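Protein chains in written order, with my numbering: chain X, 445 to 896; chain U, 13 to 219.
Here is the structure we will look at.
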């Protein structure tokens, strides 16, 4: 980040607190639209509760479908937060500072929404308490429950800890008003004064949590993948599923972070703090994961295609050449190749271009999860015709409601908490402001550094 | 068509009612022959796990044992109504005792019925005994699962790892929050003390 011109710190604080103030008509109009979509989703779920899972298109031969894809997809997009916050923190990537709060918030709310699909896809949600009272320890579903809850708590803690110094800033700003905000910020800021001892404790805690959250996140999607891979169904029973799901989650997660950052940057006029450079760096991450995901897809298909086992061939044919082929090749093109090309060329590697690439990635990766699930489920294992999962308005409503819930929750969250990580940005600015080390005469200056 | 001799036809005709006649009920059988005593002894455990030895003693009314007679054993069950579930048949030995090895599959109280269907000169008899099965036999022995020892320990191992991760998380969170709060409070107390000290040093006239 050498040479980056940091805005004055007071401007950073003002910009971070901008959403906390009164909102304009645009905010409320968007919130109303999102709330309506969420309401539509709730109405769809009520119909499903009344009429059964058949109302959502499920049947004997199409017993898994859109809700399972949503479960995987929405939890997957939370990985962007883990990646941006944890991994970039551990690698001391200072450019992450303006976007970490958005990334961490996205991680939390997309995880919460994704988890809800574990209930939505149950035909008898009233029996879910049995998972706690009489768990089947050998079932990947129970492992899912445990690791997702663990990841949720980690995400909450990882969102809260870096928030403490910012909450202290807000506490001091709202002291004169002494309202509910002041009381809330005071309670959550736990007497933060910016002391060296406090900073040391916080840094240590964040390092430990950042190190731990990575294997937890990897485990979440590995266990999610095992719910499919351990069934033995053709198309699912693959050893590559765990890393495949993890890479897919990271890929769609980074794309989601780009989308959220683009939306809030535009909505709250944060162009000065979140610049083209942030989008470029995120897009490099995204295409690295894009290529890796395409490689895993190719590896999985070629392994099954080369062996051509009797059970796997019908699924392969259906995906590559049959009824699901248009969707698969659309994913390859729009979700794999096009984002790569957009980022590869400088002319298209703009904020708009990268945002478009992210939209393509998020939507096609959701579709890819459907492609992982539906063909394998539909294949008849004993005899008979291929099953069919038909998407109904109920499933569409619930999915749309869930998708709308994430930005709505983020908007409401940033009405109370600062949208930029003030403390991290100040820390980075302080590092940038340090004078460069003096170079003694007679030492050659190499373009890449100083030669001894 | 072969014309059967009349005598054969008469014999066959005489047998048909016998063949086609239903088996005599216990009540009907009891009407024929001397009464017998059938006693079910208390079942005993055998060396095999979950196995019981059912024994019934069949004697005449004079107490003489009846040997080489078939005794049927049933379990009284409730399956769409009361039924007698057939367990097996054992023959009485020289002492009139018939022993049948029984492996009950269900735990709890069961009524065992022994029935002697009667024979020439002897009436039928039946008797029951109630047993309390506490250690039922396995219906089948499953093949041991591969890596059975490891599979048994895996839930404990993973549970331990999950517990450890949660313990670290909450330990770090609580200790960090407490440490930050304590440091802040100490600083606040020190500031307040310093302010009070400064205030006390300022002469009263200046204050």
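Cβ atoms here follow ideal geometry from the backbone N, Cα and C, with glycine treated the same way.
If you're wondering where the values come from, they're calculated on a predicted model, not measured in any experiment.
Spatial neighbours of residue i within its chain, please: CB distance less than 7 Å, with the 5 preceding and 5 following residues excluded, ordered by chain position.
i	result
residue 113 of chain U	58, 63 and 65
residue 36 of chain U	In this prediction, residue 36 of chain U scores a pLDDT of 47, lower than 50, which makes its location untrustworthy; the coordinate-derived value is nonetheless stated afterwards. Excluding positions up to five away in sequence, the list is empty.
residue 717 of chain X	451, 456, 459, 542 and 864
residue 778 of chain X	804 and 808
residue 836 of chain X	499, 500 and 501
residue 572 of chain X	563 and 566
Have a look at residue i and residue j and give me their C-alpha separation to the nearest angstrom.
i	j	result
residue 636 of chain X	residue 866 of chain X	14 Å
residue 724 of chain X	residue 734 of chain X	15 Å
residue 92 of chain U	residue 98 of chain U	16 Å
residue 671 of chain X	residue 513 of chain X	12 Å
residue 200 of chain U	residue 548 of chain X	31 Å
residue 844 of chain X	residue 534 of chain X	35 Å
residue 653 of chain X	residue 598 of chain X	7 Å
residue 720 of chain X	residue 775 of chain X	27 Å
residue 118 of chain U	residue 676 of chain X	34 Å
residue 41 of chain U	residue 72 of chain U	For residue 41 of chain U, the predicted structure reports a pLDDT of 48, less than 50, and the residue's modelled location is therefore unreliable. A value from the coordinates is still provided. Cα-Cα distance, rounded: 16 Å.
residue 768 of chain X	residue 741 of chain X	15 Å
residue 793 of chain X	residue 621 of chain X	45 Å
residue 822 of chain X	residue 509 of chain X	10 Å
residue 669 of chain X	residue 814 of chain X	13 Å
residue 817 of chain X	residue 801 of chain X	24 Å
residue 848 of chain X	residue 494 of chain X	23 Å
residue 500 of chain X	residue 198 of chain U	59 Å
residue 569 of chain X	residue 563 of chain X	6 Å
residue 110 of chain U	residue 85 of chain U	10 Å
residue 788 of chain X	residue 528 of chain X	21 Å
residue 600 of chain X	residue 594 of chain X	10 Å
residue 712 of chain X	residue 702 of chain X	15 Å
residue 521 of chain X	residue 846 of chain X	13 Å
residue 877 of chain X	residue 674 of chain X	54 Å
residue 196 of chain U	residue 784 of chain X	50 Å
residue 773 of chain X	residue 811 of chain X	11 Å
Please tell me whether residue i has its Cβ less than 7 Å away from any Cβ of chain U.
i	result
residue 616 of chain X	no
residue 899 of chain X	Absent from the structure is residue 899 of chain X, since the part of chain X shown begins at 445 and ends at 896.
residue 601 of chain X	yes
residue 577 of chain X	no
residue 590 of chain X	yes
residue 555 of chain X	no
residue 632 of chain X	no
residue 875 of chain X	no
residue 581 of chain X	yes
Please list, in chain order, all residues of the same chain as residue i whose beta carbon is under 8 Å from its beta carbon, the five residues on each side excluded.
i	result
residue 202 of chain U	none
residue 34 of chain U	Confidence at residue 34 of chain U is low in this model, with a pLDDT of 46, below 50, so the placement of that residue should be treated as unreliable; the coordinate-derived value is given next. Around residue 34 of chain U: no qualifying Cβ.
residue 619 of chain X	626
Can a CB atom of chain X be found closer than 7 Å to the CB of residue i?
i	result
residue 192 of chain U	yes
residue 188 of chain U	yes
residue 156 of chain U	no
residue 206 of chain U	no
residue 210 of chain U	no
residue 62 of chain U	no
residue 202 of chain U	no
Between residue i and residue j, which are expected to be in contact by the criterion C-beta below 8 Å, what is the C-beta distance as a whole number of angstroms?
i	j	result
residue 538 of chain X	residue 875 of chain X	7 Å
residue 505 of chain X	residue 831 of chain X	3 Å
residue 126 of chain U	residue 89 of chain U	At roughly 15 Å, the Cβ-Cβ gap does not stay under 8 Å, so residue 126 of chain U and residue 89 of chain U are not in contact.
residue 756 of chain X	residue 748 of chain X	5 Å
residue 590 of chain X	residue 184 of chain U	Not quite, the Cβ-Cβ distance comes to about 20 Å (not below 8 Å), so this is no contact.
residue 819 of chain X	residue 692 of chain X	Wrong, their Cβ atoms sit about 17 Å apart, outside the cutoff.
residue 482 of chain X	residue 852 of chain X	6 Å
residue 104 of chain U	residue 80 of chain U	6 Å
residue 546 of chain X	residue 704 of chain X	5 Å
Which same chain residues end up closer than 6 Å to residue i when comparing Cβ atoms and leaving out the 5 residues on each side of it in sequence?
i	result
residue 53 of chain U	67
residue 116 of chain U	145 and 148
residue 561 of chain X	511, 514 and 515
residue 615 of chain X	629, 630 and 633
residue 872 of chain X	538 and 541
residue 829 of chain X	none
Would you say the beta carbon of residue i comes nearer than 6 Å to a heavy atom of the ligand NAP?
i	result
residue 114 of chain U	Annotation note on the ligand NAP: not contained in the displayed structure, which lists no ligands.
**Message:** Against chain U, which members of the region 634 to 654 of chain X pass a CB distance test of less than 7 Å?
**Reply:** Along the region 634 to 654 of chain X, going in chain order, the ones with a CB nearer than 7 Å to a CB of chain U are 634, 635, 636, 637, 639, 641, 642, 645, 646, 649, 652 and 653.
**Prompt:** If you measure beta-carbon to beta-carbon, which residues of the region 175 to 186 of chain U are closer than 7 Å to chain X?
**Reply:** Taking 7 Å as the Cβ-Cβ cut-off against chain X, the residues of the region 175 to 186 of chain U that qualify are 177, 178, 180, 181, 184 and 185.
**Asked** When you check each C-beta in the region 107 to 121 of chain U against every C-beta of chain X, which residues fall closer than 9 Å?
**Response** For the region 107 to 121 of chain U, which is checked against every Cβ of chain X, not one residue is closer than 9 Å.
**Message:** At a CB distance below 9 Å, what residues from the region 792 to 806 of chain X approach chain U? Give them in sequence order.
**Reply:** Flagged: no residues at all.
**Residues within the region 658 to 674 of chain X neighbouring chain U, beta-carbon criterion of under 9 Å** = Along the region 658 to 674 of chain X, going in chain order, the ones with a CB nearer than 9 Å to a CB of chain U are 659 and 660.
**Request:** Give the residues from the region 807 to 821 of chain X that approach chain U closer than 9 Å (Cβ to any Cβ), ordered along the chain.
**Result:** Taking 9 Å as the Cβ-Cβ cut-off against chain U, none of the residues of the region 807 to 821 of chain X qualify.
**Asked** According to a CB-to-CB cut-off of less than 7 Å, which residues of the region 711 to 736 of chain X neighbour chain U?
**Response** Within the region 711 to 736 of chain X, not one residue has a Cβ closer than 7 Å to any Cβ of chain U.
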